[in-house]
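Trainee: Take this structure first; my questions come after.
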Ligand SMILES: Cc1ncc(C[n+]2csc(CCOP(=O)(O)OP(=O)(O)O)c2C)c(N)n1
Ligand code: SF4
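Protein chains in written order, with my numbering: chain X, 1092 to 1471; chain A, 1420 to 1702.
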């Protein structure tokens, strides 16, 4: 009998929901190196993936894990790795390689308190900027910030689809609290889960240009062993994939890599708005902190204070335009996050007025409570 | 009288099917040994009558790593030191392809050393060809983990006070099941060893001693490219099956022991993986 995904309603750990989401999305290769608080993803995958004919391999470190998932994806397997802060740092060089080679893959970072070894078992949201700027050079990235076990499942499926569609590495920027949360997860029937596959070349090997982006800027991808004899290099390359280390070639290539995300950002960006229509105070929040922010909005509304929540689902690309629009209708923006103000900076970048933007910041370890947010809302 | 000059028919090299000719000329210095190491591999493909579709080459960064870009098979020029783990992912996805890791000593043994010993330990199905030119060629001749004691490099201007790895010994002790060392002046034997590696499973390691006249030969006063070649050839002693621990690689005066040192049968990673996947599916 064919092994099936766990269609139905479950009481599930966030990390496990993420792993099951990967399997449902078609992930058949996982390379990783254990690190708290992401280990439960590897453990779930190690148990479940072989039953689907997939491979779990525990590599010697995160550099190897990241390299291995790119290699496997070049061979046609949907691939993923999962880690936390220190491991994410080690993956950065090869995340850049995945961007440059345009190889779809998914990287989960279940964030913990940092820098360095920091707080292995405690929550943090300090890797937001690292997700965007961690590798060297200019590039764009897509990063999702799940705030529930359900989203750990759903957004993992979506991350795979986005990776395949745009031929990019996609980051799931979870946090320890969602990773270790246990709550209801509804897994749909396999047939109802929308799955995107990368586009394969429809021309002969002689005509094929592996790095020619067509209309939507995303080149079609030939896999190893199909007779296309692709050459992929992290060096700046032309449409044939051959090194061309001139400024013009670099401008052309990197511009396209940026554009394929920037020009499709309307399709990629996801957010949720709660009571923003008439809001006078706007909360911008994400991940586990968005749950405290929602509670804060509910309490404030009961007290007659018109608060609303803008919840980022994709952190990158960042919805500057929508936040700018909302900023014109409110008197204050509050940005609660478990770091010293990383997304607050992006909000400031988005708005065009002198509107006060106030951070509610903890440097990791502990959740931000609704009352700490309410206090800031009420502060004159 | 009008003389008609007949256009000569283009003569193709008999290995040209394996080469991305549109990428010629290559970047290597004259007298560099990497080209010989590469052509030995291409001869091996040709003599085994392999289908280019069956082969993938993965390289890291360095002069030796540029091989991936010149060979007309699926080829991947990755990051410094990470060719082996990249190849591991690729091989798992495409178990029927012959995946070759072709890179330099710095790439594979310094920055990539950890991946190297673990791939050997796993007896992972890869053919790992390591061009050892005793220095970091691409970055301009700095020392590395294979640089001989007392050798001069740009970062050991007073002589290297460290001691190098013996790569065959390292590979064998970590678990490699086929281990050989040749110089680029043993192209026939080198080709035979590559052919042997292409026909077997598990982790095959082939060290190729190669001159780098630019980065190594000159500062160490070995002379011109040809002198460096001759030096390695003259000092070489073929000793097949010798314990790799005894496979001396001396730089000043002593011998360079070459040959096929290890050839053992042991289940390979891909074989064990397949078996296990079958078992798990049955549960
Ligand atoms: C992470 C990283 N560190 C350093 C470098 C610079 N670098 C490029 S090639 C190289 C050494 C190459 O030496 P080797 O592997 O022996 O190859 P060779 O050029 O001698 O063939 C170094 C240090 C790099 N590209 N990436
Ligand atoms: S620097 Fe050395 S290794 Fe690099 S191409 Fe020149 S001779 Fe060869």
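Note that CB positions come from ideal geometry on N, CA and C, so glycine has one too.
Within the present structure, is the beta-carbon of residue 1534 of chain A separated from the nearest heavy atom of ligand 1 by less than 7 Å?
Mentor: Residue 1534 of chain A Cβ: outside cutoff for every heavy atom of ligand 1.
Trainee: Is residue 1185 of chain X near ligand 1, with its Cβ less than 7 Å from a heavy atom?
Mentor: No, since every heavy atom of ligand 1 falls outside the 7 Å radius drawn around the Cβ of residue 1185 of chain X.
Trainee: Is residue 1155 of chain X close to chain A? Criterion is C-beta to C-beta, closer than 8 Å.
Mentor: It does; some Cβ of chain A falls within 8 Å.
Trainee: Report yes or no: do three or more beta-carbon pairs, one from the stretch 1478 to 1488 of chain A and one from the stretch 1516 to 1523 of chain A, lie closer than 8 Å?
Mentor: Touching, yes.
Trainee: Can you check whether the C-beta of residue 1533 of chain A is within less than 8 Å of a C-beta belonging to chain X?
Mentor: For residue 1533 of chain A, the answer is yes, since a Cβ of chain X falls inside 8 Å of its Cβ.
Trainee: Closer than 7 Å by beta-carbon distance: list the chain X residues that pair up with residue 1516 of chain A, in chain order.
Mentor: By Cβ distance, chain X contributes 1315, 1316.
Trainee: Unbroken beta strand (DSSP E) runs of length 3 or more, entirely within the stretch 1140 to 1215 of chain X: which are they?
Mentor: If we require 3 residues or more, the beta strand (DSSP E) runs fully inside the stretch 1140 to 1215 of chain X come out as 1146 to 1149, 1169 to 1174, 1196 to 1204, 1210 to 1214.
Trainee: Who are the Cβ neighbours of residue 1356 of chain X in its own chain at under 8 Å, not counting the five residues just before and after it?
Mentor: Hits under 8 Å: 1408.
Trainee: Shorter than 8 Å from the beta carbon of residue 1497 of chain A to some beta carbon of chain X?
Mentor: True, the Cβ-Cβ gap to chain X drops below 8 Å.
Trainee: Going by DSSP, name the residue or residues bridged to residue 1622 of chain A.
Mentor: Paired residue(s): A/1545.
Trainee: Select from X/1171, X/1304, X/1126 the residue whose C-alpha is nearest the C-alpha of residue 1120 of chain X.
Mentor: If we check each option's Cα against that of residue 1120 of chain X, X/1171 comes out closest.
Trainee: Check distances from the C-beta atoms of the stretch 1153 to 1182 of chain X to those of chain A and list, in chain order, the residues that come in under 9 Å.
Mentor: Listed in sequence order: 1154, 1155, 1156, 1157, 1158, 1159, 1160, 1161, 1162, 1163, 1164, 1165, 1166, 1167, 1168, 1170.
Trainee: Is it the case that the CB of residue 1645 of chain A approaches a heavy atom of ligand 3 more closely than 7 Å?
Mentor: For the structure depicted, ligand 3 is absent and the ligand set comprises only ligand 1 and ligand 2.
Trainee: Can you find a C-beta in chain A that's less than 8 Å from the C-beta of residue 1146 of chain X?
Mentor: Yes, residue 1146 of chain X lies at the interface with chain A (some Cβ there is under 8 Å from its Cβ).
Trainee: Measure the Cβ-Cβ separation of residue 1154 of chain X and residue 1182 of chain X and say whether it is below 8 Å.
Mentor: A contact, by the Cβ cut-off of 8 Å.
Trainee: Using a Cβ distance threshold of 8 Å, determine whether the stretch 1387 to 1399 of chain X contacts the stretch 1438 to 1445 of chain X, with at least three qualifying pairs required.
Mentor: No, the stretch 1387 to 1399 of chain X does not touch the stretch 1438 to 1445 of chain X.
Trainee: How would you label residue 1238 of chain X, buried or exposed, when you count the other beta carbons within 10 angstroms and need 16 or more for buried?
Mentor: Label assigned to residue 1238 of chain X: buried.
Trainee: Give me the chain A residues within the contact set of residue 1324 of chain X, using Cβ-Cβ distance strictly less than 7 Å, ordered along the chain.
Mentor: Within chain A, the residues near residue 1324 of chain X are 1488, 1496.
Trainee: Since residue 1446 of chain X and residue 1430 of chain X should fall inside the 8 Å C-beta cutoff, what is the C-beta to C-beta distance between them, to a whole number of angstroms?
Mentor: With a Cβ gap of about 21 Å, residue 1446 of chain X and residue 1430 of chain X do not count as contacting.
Trainee: Grab the span of the beta strand (DSSP E) containing residue 1103 of chain X for me, first residue to last.
Mentor: Note, residue 1103 of chain X: beta strand (DSSP E), 1099 to 1104.
Trainee: Could you check which residue in A/1475, A/1686, A/1631 has the C-alpha nearest to that of residue 1559 of chain A?
Mentor: When only C-alpha atoms are compared, the closest one is A/1631.
Trainee: Can you tell me the Cα-Cα spacing of residue 1580 of chain A and residue 1569 of chain A, whole angstroms?
Mentor: Computed Cα separation, rounded: 6 Å.
Trainee: State the CB to CB distance for the pair residue 1229 of chain X and residue 1425 of chain X, rounded to an integer number of angstroms; the pair is presumed to be in contact (CB under 8 Å).
Mentor: 31 Å between Cβ atoms; not a contact.
Trainee: Could you please tell me which residues of the stretch 1104 to 1123 of chain X, in chain order, have their CB closer than 7 Å to any CB of chain A?
Mentor: Within the stretch 1104 to 1123 of chain X, the residues whose Cβ lies closer than 7 Å to some Cβ of chain A are 1120, 1122, listed in chain order.
Trainee: Comparing the C-beta of residue 1521 of chain A with each C-beta of chain X, is any distance below 8 Å?
Mentor: Chain X, which has no Cβ nearer than 8 Å to the Cβ of residue 1521 of chain A, makes this no.
Trainee: So for residue 1360 of chain X, helix, strand or coil by DSSP?
Mentor: In this structure, residue 1360 of chain X counts as coil in the three-state DSSP scheme.
Trainee: Under DSSP, the beta strand (DSSP E) around residue 1521 of chain A begins and ends at which residues?
Mentor: 1517 to 1523 is the span of the beta strand (DSSP E), which, as asked, contains residue 1521 of chain A.
Trainee: Beta carbon of residue 1370 of chain X, beta carbon of residue 1165 of chain X: below 8 Å?
Mentor: Against a cut-off of 8 Å, the Cβ pair of residue 1165 of chain X and residue 1370 of chain X comes out as no contact.
Trainee: Whose Cβ in chain A lies nearer than 7 Å to the Cβ of residue 1320 of chain X?
Mentor: Within chain A, the residues near residue 1320 of chain X are 1471, 1491, 1492, 1493.
Trainee: So which of X/1260, X/1219, X/1329, X/1118 has the shortest CA-CA distance to residue 1300 of chain X?
Mentor: Ranking the options by Cα distance to residue 1300 of chain X, first place goes to X/1329.
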